[in-house]
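Participant:
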Amino acid sequence: MKLFRLREREYHLERLTVLKRKHQEISHILDFLQSTMLFQKELYESIKDGDWKGQIKKIYHLFELCENGASSLLQEKAQDLKSLDRDALTYKLEKFLKEKDAPDEERFIFITFLNPFFSKISENMDLKKDQWLKNRCPVCGFKPCVSYIADNEDVEGGRYLSCVLCNTQWLYNRTQCVRCANNEDNTLEYYYDEREKYVLLQVCKKCDTYIKVIDMRIDGLAVPHLDDIATLSLDLWAKERGFLKFERNIIGL
Ligand SMILES: [Zn+2]
Ligand SMILES: [Zn+2]
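Remember, this note's numbering sits 1 above the position in the sequence shown when you count from 1.
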């Protein structure tokens, strides 16, 4: 199981390389993401459990990464945070975990750092991912930022939600709005780009909220939280029409 998980992070990096070739217009974003994913992979491999407070000193390496090659806003935020001592930083991270939100740049840094720890917590829990059926993560309580459809041995064509913080995945009703639970056919609409048919927008016309649905039966190599970022043009399309995403992804879209 542990070996499989290690392999999973390597696979995500491979998928990112594929997405970079396909979406050259956002290669600068994906390049930077690659460096933070490498940071996460190393962190993940060096920790045993979810004790992020005990490892807080490792976040300073992430600040350095953000100071090089990131947007100027992210650079500034990394510099601000770097000037804090460990207690003040721990307090900020605790506050983020409690409130489950922060301004985009801070949120990016905190999710990047916390993800490996909460992945460990998730792995150590005996989770019945086909029985949870809620719109909050069973591990950390954050919201899912993307969903996908896949077949597995128990459920055929099930729709799963994927947590923005820890990437835990669990089953959710396929034809139900993730925000207001609306399940009327005539107020749930689906949109997609002809060139990317495996990425659907599920839009609820009752609450004007959307979430992406990555159809793994069309592209079985997709990694939902990465393919979501790579198809940011769909988010811009939805934004122009006044639809609000149920939860922003790690880059704030
Ligand atoms: Zn979670
Ligand atoms: Zn709704």
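Here a beta-carbon is modelled for each residue, glycine too, at the ideal position from N, C-alpha and C.
At a cut-off of 7 Å, is Leu34 close to ligand 1 when judged by its beta-carbon and the heavy atoms of the ligand?
Facilitator: Locating residue 34 in the sequence shown gives position 33, where the first residue counts as 1. Answer for Leu34: no, Cβ out of range of ligand 1.
Participant: By the three-class DSSP mapping on this structure, what secondary structure does Asp127 have?
Facilitator: Counting from 1 along the sequence shown, the entry for residue 127 is found at position 126. If DSSP states are grouped into helix, strand and coil, Asp127 belongs with coil.
Participant: Answer yes or no: do Leu227 and His13 have a C-beta to C-beta separation smaller than 8 Å?
Facilitator: For the purposes of this step, residue 227 is taken as the residue at position 226 of the sequence shown. For the purposes of this step, residue 13 is taken as the residue at position 12 of the sequence shown. Going by C-beta atoms, Leu227 is nearer than 8 Å to His13.
Participant: Can you round the beta-carbon distance between Glu202 and Leu233 to whole angstroms, since I take them to be within the 8 Å contact cut?
Facilitator: Your numbering for residue 202 matches position 201 in the sequence shown. Your numbering for residue 233 matches position 232 in the sequence shown. Contrary to the premise, residue 202 reads as Leu rather than Glu in this sequence. Rounded, the Cβ-Cβ distance is 12 Å, inconsistent with contact.
Participant: So, with DSSP's three-state summary, where would you put Lys240?
Facilitator: Reading the sequence shown from its first residue, position 239 is the one you call residue 240. Three-state result, Lys240: helix.
Participant: With DSSP collapsed to three states, give me the class of Thr210.
Facilitator: Residue 210 sits at position 209 when you count from the first residue of the sequence shown. Thr210 falls in the strand class under three-state DSSP.
Participant: According to DSSP, is Leu20 part of a helix, a strand, or is it coil?
Facilitator: Numbered from 1 along the sequence shown, position 19 holds the residue referred to as residue 20. Three-state result, Leu20: helix.
Participant: Along the chain, where does the alpha helix (DSSP H) that runs through Glu197 open and close?
Facilitator: As a working note, residue 197 is residue 196 in the sequence shown. Counting along the chain, Glu197 falls outside any alpha helix (DSSP H), though it belongs to the beta strand (DSSP E) covering Glu197 to Cys205.
Participant: To the nearest angstrom, how far is it from the Cα of Val200 to the Cα of Asp88?
Facilitator: Residue 200 sits at position 199 when you count from the first residue of the sequence shown. Residue 88 sits at position 87 when you count from the first residue of the sequence shown. Taking the straight line from one Cα to the other gives about 42 Å.
Participant: Assuming Leu162 and Val140 are in contact, meaning their beta carbons sit under 8 Å apart, how far apart are those beta carbons, in whole angstroms?
Facilitator: Translated into positions along the sequence shown, residue 162 becomes position 161. Translated into positions along the sequence shown, residue 140 becomes position 139. Incorrect: roughly 12 Å between the Cβ atoms, too far for contact.
Participant: Quick check on Asn69: buried or exposed, where buried means 16 or more other Cβ atoms within 10 Å of its Cβ?
Facilitator: Counted from its first residue, the sequence shown places residue 69 at position 68. With fewer than 16 other Cβ atoms within 10 Å, it is exposed.
Participant: In terms of DSSP beta bridges, what is Trp171 paired with?
Facilitator: To locate residue 171, count along the sequence shown from 1; it is residue 170. Answer is Leu162.
Participant: Could you check the C-alpha separation between Pro225 and Gly159 for me, to the nearest Å?
Facilitator: Taking the first residue of the sequence shown as 1, we reach residue 225 at position 224. Taking the first residue of the sequence shown as 1, we reach residue 159 at position 158. Going from the Cα of Pro225 to the Cα of Gly159 covers about 14 Å.
Participant: Measure the beta-carbon distance from Leu74 to Cys67 and round it to whole angstroms, keeping in mind my assumption that it falls under 8 Å.
Facilitator: Taking the first residue of the sequence shown as 1, we reach residue 74 at position 73. Taking the first residue of the sequence shown as 1, we reach residue 67 at position 66. With a Cβ gap of about 10 Å, Leu74 and Cys67 do not count as contacting.
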